[in-house]
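K.L.:
Going by my numbering, the letters in the first sequence line up with residues 4 to 474, in that order.
The structure is given below, and queries will be raised subsequently.
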Amino acid sequence: MTDPLPYRVDVTAHAGELQERFASLAPGEGSGAEVTVAGRVVLRREMGKLTFMTMAEWTGQVQLFAGAQWTERFGELNHLSLGDWVSASGEVVRTRTGELSVRVATWQLLAEAKRSFGDKWRGISDIDTRYRQRYADMWSNPGSRQVLLQRSRAVSAIRRCLEDRGFVEVETPVFHPVPGGATAKPFVTHHNALDMELYLRIALELHLKRLVVGGMERVFEIGRVFRNEGLSPRHNPEFTMLELYQAYADYHDMMDLTEQMVAEVAVAVTGTTKLGYGGRDLDLSPPWRRATLVELVAEHSGQELSLEMPVGELARRAEGLGVPVEDRWGPGKLLLEIYEKTTEPHLWGPVFVMDYPKEVSPLARDHRSSPGMVERFEAVVAGRELCNAFSELTDPDEQLANFEAQASARAAGDEEAMVVDTDYVRALEYGLPPTGGLGVGVDRLVMLLTGSEAIRDVIAFPTLRPEVAGD
RNA sequence: GCGCCUCUAGCUCAAUGGCAGAGCAACGGACUCUUAAUCCGCAGGUUCUGGGUUCGAAUCCCAGGGGGCGCACCA
Numbered sequence: 004m005t006d007p008l009p010y011r012v013d014v015t016a017h018a019g020e021l022q023e024r025f026a027s028l029a030p031g032e033g034s035g036a037e038v039t040v041a042g043r044v045v046l047r048r049e050m051g052k053l054t055f056m057t058m059a060e061w062t063g064q065v066q067l068f069a070g071a072q073w074t075e076r077f078g079e080l081n082h083l084s085l086g087d088w089v090s091a092s093g094e095v096v097r098t099r100t101g102e103l104s105v106r107v108a109t110w111q112l113l114a115e116a117k118r119s120f121g122d123k124w125r126g127i128s129d130i131d132t133r134y135r136q137r138y139a140d141m142w143s144n145p146g147s148r149q150v151l152l153q154r155s156r157a158v159s160a161i162r163r164c165l166e167d168r169g170f171v172e173v174e175t176p177v178f179h180p181v182p183g184g185a186t187a188k189p190f191v192t193h194h195n196a197l198d199m200e201l202y203l204r205i206a207l208e209l210h211l212k213r214l215v216v217g218g219m220e221r222v223f224e225i226g227r228v229f230r231n232e233g234l235s236p237r238h239n240p241e242f243t244m245l246e247l248y249q250a251y252a253d254y255h256d257m258m259d260l261t262e263q264m265v266a267e268v269a270v271a272v273t274g275t276t277k278l279g280y281g282g283r284d285l286d287l288s289p290p291w292r293r294a295t296l297v298e299l300v301a302e303h304s305g306q307e308l309s310l311e312m313p314v315g316e317l318a319r320r321a322e323g324l325g326v327p328v329e330d331r332w333g334p335g336k337l338l339l340e341i342y343e344k345t346t347e348p349h350l351w352g353p354v355f356v357m358d359y360p361k362e363v364s365p366l367a368r369d370h371r372s373s374p375g376m377v378e379r380f381e382a383v384v385a386g387r388e389l390c391n392a393f394s395e396l397t398d399p400d401e402q403l404a405n406f407e408a409q410a411s412a413r414a415a416g417d418e419e420a421m422v423v424d425t426d427y428v429r430a431l432e433y434g435l436p437p438t439g440g441l442g443v444g445v446d447r448l449v450m451l452l453t454g455s456e457a458i459r460d461v462i463a464f465p466t467l468r469p470e471v472a473g474d
């Protein structure tokens, strides 16, 4: 190559805009408008002394129309590879057969594609290659690009929704001396200078509530959390959580906010709140159904259960429903297991499942009228949990007691049980006002809105085993 | 972690125990209005890896690796 590749291009037009602006240009006519476009060559049709190339860029596609008589370095142009980046300048015309084109006078190679994007019609469909070489997948499969674009729109709609309501966005530490805020196995790393183990966060919760103690009455964070668990179509070891906390609010307020926010985000991403997912209809418009966990279990299992029942009775009922039980479980855990095995798989939603046992909710506040329960809900949408929220536990003594109960479960072998976070208890001692908190799995939300069956589709670079060798 | 499925040319796929093939891409050629252009020609292989069975293995068996799905755990 004699000419060095250019460092910049004065692009004066984009495909999408050209298609609109010259929609009424008649076949065989020139517009008189000279433009410079840039993008990738995706198809080439040579016809002797004429060559037609389809060029694709971010906004769409436009045809490049080259001819030996009017295009510089015509022969060289015909040797471009599919995938090469080029810029081309010339008049906007519509060919006799009706395709809007840039009639190429001058052009430049911007970057060479030394690898092929594969079959020009079917592209790259190998699932492994698509996730490992996302850059190739995105070009080859416009749907992949579209989903990632929709993800961006969803996140920005979340920010807009919360900022409109006076929430402040913050960033809290990813490294935690003790993991907290959820029950999950953490990743561990080591800090050399401090010579100590640090954990990658499994939740955002405890730091955000510290900020409420500090006076940030409406606060949120959209951030990556890390859980050391298996991979599946619905689980990636690092994923994105939205958590928000609102002072003076309770879980009813969180339900109102959740259904409004999800509806707003759905409209921003898809234009509507009426979606399909997995072949079934889904209507996200508020209000969503609100029912207690106990009510829903009664609907689906026919069992009227209560935490007031003796543990043995609950365990017998569970076994009667085919739910495996463990001796160390209390009534709260038994009830939750019964719900998860008999009821949750049959829910489609959207539905707010309200009031969970205190035993399984160490950060939530006691229910004001149901003994043994806390004011907590999960929203089930398209058959999956989308979020988890509660009226936050504000009492430091009770929080400490809950932490200690978790710690002894941990000592007894429950690897996912929480650890005592004494600084968090100290923060509560300064006073946490009544606060509603909400956590949303952003990847799951985006899956829902884009109809994606796999979490990997909504993550640009999902976690994979490293490649063994080769390229 | 366990079970089932899968891996063939750059890409998408055939060949089911008997000479490893096609389409697209690449390469050479023809063609002044193409639209996955068309036509002619040419080239392309550690059939994931290593063992085994067999006269003969892409194909059957064993082990390993990658991937997918399901279970378990979770959001």
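In this text, a Cβ means the ideal position worked out from N, Cα and C, and glycines have one as well.
1. Can you tell which of 79, 323, 223 has its C-alpha closest to the C-alpha of residue 344?
2. Please report the residue range of the alpha helix (DSSP H) in which residue 319 lies.
3. Does the stretch 329 to 341 touch the stretch 275 to 290, meaning 3 or more C-beta pairs lie closer than 8 Å?
4. Excluding the 5 residues preceding and the 5 following residue 11 in the sequence, name in chain order all residues of the same chain whose CB lies nearer than 7 Å to its CB.
5. Assess contact between the stretch 50 to 68 and the stretch 98 to 117, defined as three or more Cβ pairs (one per stretch) separated by less than 8 Å. Is contact present?
6. What's the gap between the Cα of residue 171 and the Cα of residue 223?
7. Under three-state DSSP, which class holds residue 217?
8. Going by beta carbon distance, what residues of the same chain come within less than 8 Å of residue 157, once the five residues before and after it are set aside?
9. Drop a sphere of 10 angstroms on the beta-carbon of residue 48, count the other beta-carbons inside from all chains shown, and report buried for 16 or more, exposed for fewer.
10. Of all the options 253, 464, 460, 300, which has the alpha carbon lying nearest to the alpha carbon of residue 150?
11. Put residue 264 into one of helix, strand or coil per three-state DSSP.
12. What residue ranges within the stretch 398 to 441 form continuous alpha helix (DSSP H) runs of no fewer than 4 residues, ordered along the chain?
13. What does the alpha-carbon distance come out to for the pair residue 204 and residue 95?
14. Please name the residue, chosen from 429, 295, 359, 341, that lies closest to residue 316 on a Cα-to-Cα basis.
15. Check each candidate in 431, 209, 188, 178 and name the one with the smallest Cα separation from residue 202.
16. Is the distance from the Cβ of residue 251 to the Cβ of residue 399 below 8 Å?
17. Given a cut-off of 8 Å, decide if residue 325 and residue 392 are closer than it, judged by their beta-carbon atoms.
18. Can you tell which of 214, 351, 339, 238 has its C-alpha closest to the C-alpha of residue 280?
19. Could you tell me which whole beta strand (DSSP E) segments of length 3 or greater appear in the stretch 82 to 115?
20. Suppose contacts are defined by Cβ-Cβ distances below 8 Å. Is residue 175 in contact with residue 210 by that definition?
21. State the DSSP-derived secondary structure class of residue 126, mapped to helix, strand or coil.
22. Give me the Cα-Cα distance between residue 199 and residue 217, rounded to the nearest whole angstrom.
23. Helix, strand or coil: how does DSSP classify residue 188 here?
24. Thinking just about the alpha-carbon of each residue, which of 180, 206, 189 is nearest to the one in residue 197?
25. Just confirm the distance between the C-beta atoms of residue 339 and residue 313, as a whole number of angstroms; I'd bet it's less than 8 Å.
26. Which residues in the same chain as residue 7 place their Cβ atom closer than 7 Å to its Cβ, once the five residues preceding and following it in sequence are excluded?
27. Relative to the C-alpha of residue 263, which candidate in 241, 411, 135, 161 has its C-alpha closest?
28. To the nearest angstrom, how far is it from the Cα of residue 4 to the Cα of residue 111?
P.N.:
Working from what's here:
1. In the first sequence, counting from the first residue as 1, residue 344 sits at position 341. It is 323.
2. For the purposes of this step, residue 319 is taken as residue 316 along the first sequence, with counting starting at 1. Note, residue 319: alpha helix (DSSP H), 314 to 323.
3. no
4. For the purposes of this step, residue 11 is taken as the residue at position 8 of the first sequence. Answer for residue 11: no residue qualifies.
5. yes
6. For the purposes of this step, residue 171 is taken as residue 168 along the first sequence, with counting starting at 1. For the purposes of this step, residue 223 is taken as residue 220 along the first sequence, with counting starting at 1. C-alpha separation (whole angstroms): 6 Å.
7. By 1-based counting over the first sequence, the position of residue 217 is 214. Coil at residue 217, not helix or strand.
8. Position 154 of the first sequence holds residue 157. Hits under 8 Å: 268, 271, 272, 445, 448, 449, 452.
9. Taking the first sequence and counting its residues from 1, one reaches residue 48 at position 45. Exposed, because fewer than 16 other Cβ atoms sit within 10 Å of the Cβ of residue 48.
10. As a working note, residue 150 is residue 147 in the first sequence. Checked all of 253, 464, 460, 300; the closest Cα to residue 150 is 460.
11. Residue numbering aside, residue 264 sits at position 261 when the first sequence is read from its first letter. Note: residue 264 maps to helix in three-state DSSP.
12. 399 to 414, 425 to 432
13. Numbered from its first residue, the first sequence carries residue 204 at position 201. Numbered from its first residue, the first sequence carries residue 95 at position 92. The straight-line gap from Cα to Cα measures roughly 54 Å.
14. As a position in the first sequence, residue 316 is number 313, starting the count at 1. Closest option to residue 316, Cα to Cα, is 341.
15. By 1-based counting over the first sequence, the position of residue 202 is 199. Nearest option by C-alpha distance: 178.
16. Along the first sequence, read from residue 1 onward, the residue named residue 251 stands at position 248. Along the first sequence, read from residue 1 onward, the residue named residue 399 stands at position 396. Result no, Cβ atoms of residue 251 and residue 399 do not sit closer than 8 Å.
17. Indexing the first sequence from 1 puts residue 392 at position 389. Indexing the first sequence from 1 puts residue 325 at position 322. Going by C-beta atoms, residue 392 is not nearer than 8 Å to residue 325.
18. Position 277 of the first sequence, counting from 1, holds the residue named residue 280. The candidate whose alpha carbon is nearest that of residue 280 is 351.
19. 88 to 97, 103 to 114
20. Counting from one through the first sequence, the residue named residue 175 turns up at place 172. Counting from one through the first sequence, the residue named residue 210 turns up at place 207. Closer than 8 Å, so yes.
21. Taking the first residue of the first sequence as position 1, residue 126 is located at position 123. Residue 126: strand per DSSP, three-state reduction.
22. Along the first sequence, read from residue 1 onward, the residue named residue 199 stands at position 196. Along the first sequence, read from residue 1 onward, the residue named residue 217 stands at position 214. Those two C-alpha atoms are separated by around 28 Å.
23. Locating residue 188 in the first sequence gives position 185, where the first residue counts as 1. In this structure, residue 188 counts as coil in the three-state DSSP scheme.
24. Residue mapping note: residue 197 aligns to position 194 of the first sequence, counting from 1. Ranking the options by Cα distance to residue 197, first place goes to 180.
25. In the first sequence, counting from the first residue as 1, residue 339 sits at position 336. In the first sequence, counting from the first residue as 1, residue 313 sits at position 310. That pair is no contact at about 17 Å.
26. Position 4 of the first sequence, counted from the first residue, corresponds to residue 7. No residues qualify anywhere along the chain.
27. Here the question's residue 263 lines up with position 260 in the first sequence. The candidate whose alpha carbon is nearest that of residue 263 is 161.
28. For the purposes of this step, residue 4 is taken as the residue at position 1 of the first sequence. For the purposes of this step, residue 111 is taken as the residue at position 108 of the first sequence. Residue placement at residue 4 cannot be trusted, given a pLDDT of 45 that sits under 50; what the coordinates show is reported in the next sentence. In a straight line, the C-alpha of residue 4 is about 12 Å away from that of residue 111.
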